[in-house]
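Quick note, the sequence shown lines up with residues 454 to 1098 if you use my numbering.
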Amino acid sequence: MPNNRITRRDFLNGTLIGAGTALIGERYLFGTAHAREAEALWPGADAPYYPPAWTGMRGSHPGSYERAHEFAREGREDWGEITETGEEYDLVVVGGGASGLAAAYFFQDAHDWEEKVLILDNHDDFGGHAKRNEFESGGQMRMTYGGSQGFDNIDNWPDEMWDLLEDLGIDLEKFENEHYDYDWFERHGLGGAVFMDAKTWGKDHVIPADLGGMAPVMPGLEEGPKDYEALFAKAPMPEKARKELTKLYEEDGARKIINKIDELDFNFDRYPYEKFLQKYWYIKEQATFDFIRKLPTDENGVGAETLSLSEGIEAELPGTIKLGRFYRMTKKPDPEDAGYVHHFPDGNAGFCRTIVRAMIPDVAPGEGADSVVLAKFDYEALDDPENETRIRLNSTVISAKHDGPVDDADTVSVTYIRDGKAYRVKAKGVVMACWNMIIPHLIPELPEDQKEALASNVKIPYVFANVMIKNWQAIKKSGIGAAYCPTSYYHLLQTEYPINMGGYSATEDPNDPMPVTLIRVPVPEERGMEPRDQFREGRSEIISLEFADFEAEVNAQLDGMFGPYGFQSKRDIEAITLNRWSHGYSYTYFNLFDKGMSFDDGPHIKAREPFGLITIANSDSGANSWLDVGVMQGLRAVNELLEDD
Ligand SMILES: Cc1cc2nc3c(=O)[nH]c(=O)nc-3n(C[C@H](O)[C@H](O)[C@H](O)COP(=O)(O)OP(=O)(O)OC[C@H]3O[C@@H](n4cnc5c(N)ncnc54)[C@H](O)[C@@H]3O)c2cc1C
């Protein structure tokens, strides 16, 4: 079973910051300096303001969420005197993630770039979940994604998404034909693996094959042998479990199951995946369930026991592949499909940087996608009064209120907290591109049923620990390019995506540094919980931890995996950027718990209704977490405002 090594601590009443800084090692000093109250840094900090390079606790970093928790959880109303800035904007966007940035872009585009637009975000960097993490080691700069990785779901993109990319100079064919190095993993002998940790299984053990299904998300990753009996033969688990897992991965008995099911009026959406394993594959061993439990976490945010059979098929979980193909519930892999290769070296932060530079050219020279890759953005240009579009960071919005009756008002007053002080601006229109569940607290005048619908979006917590290692010799020796770690603290490990773009190149020399990503979705120990409760519990787990706790888990896991190949965490780790996304993926409906709800029909439709001069964007409004969904919700929210003009 997953371990309980981490001690929970209560960080209320401001203990987080003091305790965190005291315990973090010297090498994180720079990062933690910036992990203090973010407002204190801007303006006037001595070091150049460049958040992508800050290590330590990032993601929803200290300083970004305390104000929101004060008013949403503790009901704080008194913020002292509010300073009227005297600014009046044509549009204020609350939330500077992909959705809010796209909303600002679409609005300006519809008005020949002549309107005054302000984007407010509570973080110290723009991009929302799409954040860039930079590291320095041995005189080299390496970068990776702090959250959102790559363009996904592109088969379903609407024309407007393609048009936007064309306008921005982002050419997806170049990612397929030039940027992504399909041969990189083969060249370095790196493949998928499974890591079974000693704490759970008695000894550390690596299964050298991609049983975690990483190859589809890292094209070119070697899948390894398919002789499942041999692969499980040495796994430290009861023999019965080894046999069960061999059976589930081989799927030799699938035909018999299909024959049985074919005679029944079988409802794949209502039938639990794990029940299917028990009843049709005769799976009994706890170790078997423990092995597969975390397989869907990266995509779905929950353990396998939460999924229906159809969701298990979609996630290509063991025991479902042939069944899914037979019923045409999964399509056969298209040999022409380029795969998941549409990544900037900093993930979808590259998209956000491209759109920001298109709106505020002063942040960096050049045009198009390639030139943002190595550009050191000038953050001082973001909120320059000379520009039509401005981005104001470290600004937590606490209220958006019509100036007069909702149906007659000409403006909305938007109040935000920055550097501990309250400020108010006015706007002729507002797009709320922030998270759904905070909106009822920002606009208490909303109808009750809409507030309820907004609050029902409980986001999925996520942790991306980016670990800068000084060299990757041990990784090369181990042959592990990516690993599924079913019972470790971090369930997934990925080496960097091999992207060559804009003057940045994938690492070739194992003596060079490389950022490695460890991913945790904090799925609770208890099985069978309602997904929203799982997410709430997972969030309280990760928010209660210090950087040092996450760091200890990183060290233990990397030592366990790569120690036999010469890796020593104390010696070989240069820095860690811990992206803690307490509110990560948007809530997507689960068959077994949200009956009858879908992208076309669910509370998110009610939640996104316009309210006077205020419209609602964010990927939450599409009940789906893909970046394109957030972008398209930004477009819809802007169109609703324009219709009202
Ligand atoms: C870890 C992770 C990995 C992902 N990977 C992928 C991927 O590979 N591909 C993909 O397509 N999608 C991925 N996604 C999803 C995708 O990145 C997001 O859906 C998309 O970026 C969401 O953009 P958004 O603007 O809707 O929301 P966000 O990015 O969440 O932006 C909303 C912003 O509003 C801010 N905000 C909230 N409240 C306030 C307030 N009161 N005042 C001011 N600001 C506020 C938030 O802090 C945030 O910065 C991933 C998501 C996560 C969490």
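Note that the Cβ used here is the ideal one computed from N, Cα and C, for glycine as well.
Check, Outcome
"Beta-carbon separation (whole angstroms), residue 805 vs residue 1071, contact threshold 8 Å", "Not really, about 14 Å apart at Cβ, beyond 8 Å."
"Ligand 3 heavy atom lying under 6 Å from the CB of residue 552", "This structure does not include ligand 3; its bound ligands are ligand 1."
"Reduced DSSP category for residue 841 - H, G, I as helix; E, B as strand; rest coil", "coil"
"Cα-Cα separation, residue 787 to residue 774", "16 Å"
"Residue 1080 CB to nearest heavy atom of ligand 1 below 6 Å", "yes"
"Range covered by the beta strand (DSSP E) that runs through residue 918", "913-922"
"Proximity of residue 827 and residue 633 at Cβ, strictly below 7 Å", "no"
"Run of the alpha helix (DSSP H) containing residue 520, from where it starts to where it stops", "519-525"
"Residues that residue 802 bridges to, as DSSP identifies them", "Beta-bridge pairing links residue 802 to no other residue."
"Beta-carbon proximity list for residue 962, same chain, < 8 Å, skipping 5 on both sides", "none"
"Element boundaries [alpha helix (DSSP H), containing residue 968]", "Segment 967-973 is the beta strand (DSSP E) holding residue 968; no alpha helix (DSSP H) there."
"Any non-hydrogen atom of ligand 1 closer than 6 Å to residue 571 Cβ", "no"
"Cβ neighbour criterion (16 or more within 10 Å) applied to residue 735", "exposed"
"Three-state secondary structure (DSSP) of residue 429", "The displayed coordinates of the chain run from 454 to 1098. Any statement about residue 429 would go beyond what the structure contains."
"Any 3 or more C-beta pairs closer than 8 Å across the segment 963-975 and the segment 909-918", "yes"
"Element boundaries [alpha helix (DSSP H), containing residue 602]", "Per DSSP, residue 602 belongs to no alpha helix (DSSP H) and is neither H nor E."
"Which listed residue (1090, 1032 and 555) has its alpha carbon closest to that of residue 943", "1032"
"Terminal residues of the alpha helix (DSSP H) in which residue 682 lies", "681-686"
"Separation of residue 858 from residue 811, as counted between CA atoms", "36 Å"
"Extent of the continuous beta strand (DSSP E) to which residue 865 belongs", "865-871"
"Straight-line Cα distance separating residue 1086 from residue 784", "28 Å"
"Residue 536 classed as buried or exposed, judged by whether at least 16 other C-beta atoms fall within 10 angstroms", "exposed"
"For residue 1021, three-class secondary structure by DSSP", "coil"
"Check: residue 575 C-beta below 6 Å from any heavy atom of ligand 1", "yes"
"Candidates 1092, 741, 922 and 727, of which the one nearest residue 939 by Cα", "741"
"For residue 941, three-class secondary structure by DSSP", "coil"
"Residue 796 CB to nearest heavy atom of ligand 1 below 6 Å", "no"
"Straight-line gap, residue 868 to residue 533 (C-alpha atoms, nearest Å)", "12 Å"
"Run of the beta strand (DSSP E) containing residue 649, from where it starts to where it stops", "644-649"
"Bounding residues of the beta strand (DSSP E) (the contiguous stretch that carries residue 615)", "Element bounds for residue 615: not the beta strand (DSSP E) but the alpha helix (DSSP H), 612-621."
"Residue 791 - DSSP class collapsed to helix/strand/coil", "coil"
"Integer-rounded CB distance, given that residue 612 should sit under 8 Å from residue 673", "Their Cβ separation, rounded to whole angstroms, is 30 Å, which puts residue 673 and residue 612 out of contact at 8 Å."
"From 769, 964 and 832, residue whose alpha carbon lies closest to that of residue 501", "832"
"Cβ separation of residue 974 and residue 750, assumed to be a contact under 8 Å, to the nearest whole Å", "4 Å"
"Contact between the segment 563-582 and the segment 834-853 (3+ Cβ pairs under 8 Å)", "yes"
"Residue environment, residue 717, which counts as buried when at least 16 other CB atoms sit within 10 Å", "exposed"
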